[in-house]
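Report on one structure; see the data block that follows.
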Amino acid sequence: MMVQKQKIEDSINRAIDFLYKNQLPWGEFKTYAAWNPWFLAGSFDNSPFVTTFVLYSLKDIQDEKVKTMTKKAIDFLLSKQEKGGVWRFWTSKNKKQIPPDLDDISTTSFVLKLNNVNFDDNLQLILNNKNKDGLFLTWLMDEKYKKSIFWRLVEKNVDCVVNTNVLLYLGQNDPRVCSYINQIINSNKFRSIYYPSKLALFYAVSRAFKNNITCFEKSKDKIIKSILISEKKPGVFGNELERALALNTLFNFNYCGKEIDSGINYLLKKQLTSGSWEKAVFFLGPPFWFLPTPPRYRYYGSEELTTALCIEALKNYLPR
1 MMVQKQKIED SINRAIDFLY KNQLPWGEFK TYAAWNPWFL AGSFDNSPFV
51 TTFVLYSLKD IQDEKVKTMT KKAIDFLLSK QEKGGVWRFW TSKNKKQIPP
101 DLDDISTTSF VLKLNNVNFD DNLQLILNNK NKDGLFLTWL MDEKYKKSIF
151 WRLVEKNVDC VVNTNVLLYL GQNDPRVCSY INQIINSNKF RSIYYPSKLA
201 LFYAVSRAFK NNITCFEKSK DKIIKSILIS EKKPGVFGNE LERALALNTL
251 FNFNYCGKEI DSGINYLLKK QLTSGSWEKA VFFLGPPFWF LPTPPRYRYY
301 GSEELTTALC IEALKNYLPR
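The sequence shown begins at 1 in the UniProt record's numbering and counts up one residue at a time.
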């Protein structure tokens with residue numbers, strides 16, 4: 001049964017109010033980090049990454065509060081830009097150090113481009129950061145590291161979700177990268193270094209497909225089928241974040257079966273009195289060997305991130 005339009009709009013407005021009240025003064029939307037997937041004893045971790053996803057999820061909503069949040073968030077992202085259109089996961093407010101990575105660079109660059117915001121040209125920098133198989137490396141390393149033993153580990157650090165996000169920004173149907181990602185999906189051999197759920201890959205691929213990365217047409221039916229099969233198994237998509245990722249993936253692929261209605265009803269029932277949805281793990285920190293002093297935290301997410309993705313799903317439902 002279809003959900004009433006008024007219920008959807010009321011839910012979206014409550015969620016927007018939550019984001020508006022909780023956006024940090026400098027424009028960032030919070031990221032939380034924890035040593036465990038339940039976020040016990042977790043803490044705030046400064047990063048531009050989550051903010052890029054919030055901006056994308058809000059992009060189609062015409063609202064004064066959204067306009068204000070968008071401007072503040074864009075100013076925040078621009079303030080964290082380094083020379084050459086480079087971003088890294090931890091900001092200057094964070095004492096921890098980490099090399100720049102293509103995931104942060106690509107997702108940030110994409111939402112800035114989407115909002116017609118100018119930034120330093122970084123296309124060649126990204127295109128040069130490939131391994132011998134033509135796949136994008138996650139980390140952007142100085143030349144001096146490329147003769148070290150450490151580089152051998154970094155060179156193997158190829159991630160399917162990161163590569164998908166790079167294609168999204170570049171707007172290119174790179175044959176080798178497309179083949180690599182399509183093969184992972186169609187062989188059911190999902191493995192990501194930084195994203196624990198295959199729904200993160202499905203969402204990334206569907207988002208790229210919606211933005212003209214047409215090579216993912218080959219994986220469309222497989223992804224839809226995988227989601228629908230999993231939806232019939234209780235607890236498979238057991239949290240609000242995963243349900244929002246699944247719904248947005250289906251919407252991006254123009255699927256509109258009856259499963260959509262039940263998924264939207266689920267999100268409405270799970271919305272908290274604050275207008276938000278519970279945080280859950282969306283991505284993981286770097287491997288323990290990657291940094292001289294490994295961070296204590298491994299799991300990342302936030303109420304702001306889950307809420308933005310739920311808003312995106314609810315907004316996508318409205319035109320039906």
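Glycine residues also receive a C-beta, built at the ideal position from the N, C-alpha and C atoms.
query: If you draw a straight line from the alpha carbon of arginine 14 to that of alanine 34, how long is it in whole angstroms?; result: 27 Å
query: Measure from the alpha carbon of residue 335 to the alpha carbon of each residue in Leu24, Val177, Asn46, Ile12, then state which is nearest.; result: The displayed coordinates of the chain run from 1 to 320. Any statement about residue 335 would go beyond what the structure contains.
query: Taking the continuous alpha helix (DSSP H) assigned at alanine 33, which residues delimit it?; result: Taken as a continuous stretch (DSSP letters only), alanine 33 belongs to no alpha helix (DSSP H), being part of the beta strand (DSSP E) at 32-34.
query: Helix, strand or coil: which one does DSSP assign to phenylalanine 53?; result: helix
query: Any heavy atom of the ligand FAD closer than 7 Å to the beta-carbon of leucine 268?; result: With respect to the ligand FAD, the structure offers nothing, as it holds no ligand at all.
query: When you compare the CB of glutamate 304 with every CB in chain C, is at least one pair closer than 8 Å?; result: Reference to chain C is not applicable here, since this structure consists of a single protein chain.
query: Determine the DSSP secondary structure at tyrosine 299, reduced to helix, strand or coil.; result: strand
query: Over what stretch of residues does the alpha helix (DSSP H) that includes proline 175 continue unbroken?; result: 175-186
query: Could you check the C-alpha separation between glycine 238 and aspartate 104 for me, to the nearest Å?; result: 27 Å
query: With DSSP collapsed to three states, give me the class of serine 274.; result: coil
query: Exposed or buried, glutamate 64, counting other C-beta atoms within 10 Å across all chains shown (16 or more means buried)?; result: exposed
query: So, do the stretch 13-31 and the stretch 297-307 have three or more beta carbon pairs nearer to each other than 8 Å?; result: yes
query: Below 6 Å CB to CB, which residues in the same chain sit around glutamate 28 once its five sequence neighbours on both sides are set aside?; result: Thr51, Phe76
query: Give the secondary structure of residue 371 by DSSP, where H, G and I count as helix, E and B as strand, and everything else as coil.; result: The structure shown does not extend to residue 371, since the chain spans only 1 to 320, so no value can be given for it.
query: Contact defined as beta carbons within less than 8 Å: I believe tyrosine 194 pairs with phenylalanine 283. What is the distance between those atoms, to the nearest angstrom?; result: 5 Å
query: Below 6 Å CB to CB, which residues in the same chain sit around leucine 272 once its five sequence neighbours on both sides are set aside?; result: none
query: Of the choices Gly85, Val205, Leu102, Ser302, whose alpha-carbon is the least far from that of leucine 137?; result: Leu102
query: Which residue marks the beginning of the alpha helix (DSSP H) containing asparagine 163, and which one marks its end?; result: 160-170
query: Given a cut-off of 8 Å, decide if phenylalanine 18 and serine 274 are closer than it, judged by their beta-carbon atoms.; result: yes
query: Excluding five sequence neighbours on each side, which residues of the same chain lie with their C-beta closer than 7 Å to the C-beta of aspartate 174?; result: Leu167
query: Might you give, ordered along the chain, the residues of its own chain that have their beta carbon closer than 7 Å to the beta carbon of isoleucine 8, omitting 5 neighbours on each side?; result: Leu314, Tyr317, Leu318
query: Near phenylalanine 190, what residues of its chain come up, given a Cβ to Cβ distance below 8 Å and the 5 sequence neighbours on each side ignored?; result: Cys160, Ile184, Lys198, Leu201
query: Looking at the unbroken alpha helix (DSSP H) that takes in threonine 138, where does it start and where does it end?; result: No alpha helix (DSSP H) holds threonine 138; DSSP gives it neither H nor E.
query: Only counting the same chain, and skipping five residues up and downstream in sequence, which positions put a Cβ closer than 7 Å to that of glycine 235?; result: Interpretation of glycine 235 is limited by its pLDDT of 46, a score under 50 that renders its predicted location unreliable; the figure taken from the coordinates is listed afterwards. There are no such residues.
query: Between which two residues does the alpha helix (DSSP H) harbouring glutamine 6 extend?; result: 5-22
query: Once you ignore the five residues that flank serine 43 on each side, which residues in its own chain have a CB closer than 8 Å to its CB?; result: Tyr32, Ala33, Ala34, Tyr297
query: Between which two residues does the alpha helix (DSSP H) harbouring lysine 189 extend?; result: Per DSSP, lysine 189 belongs to no alpha helix (DSSP H) and is neither H nor E.
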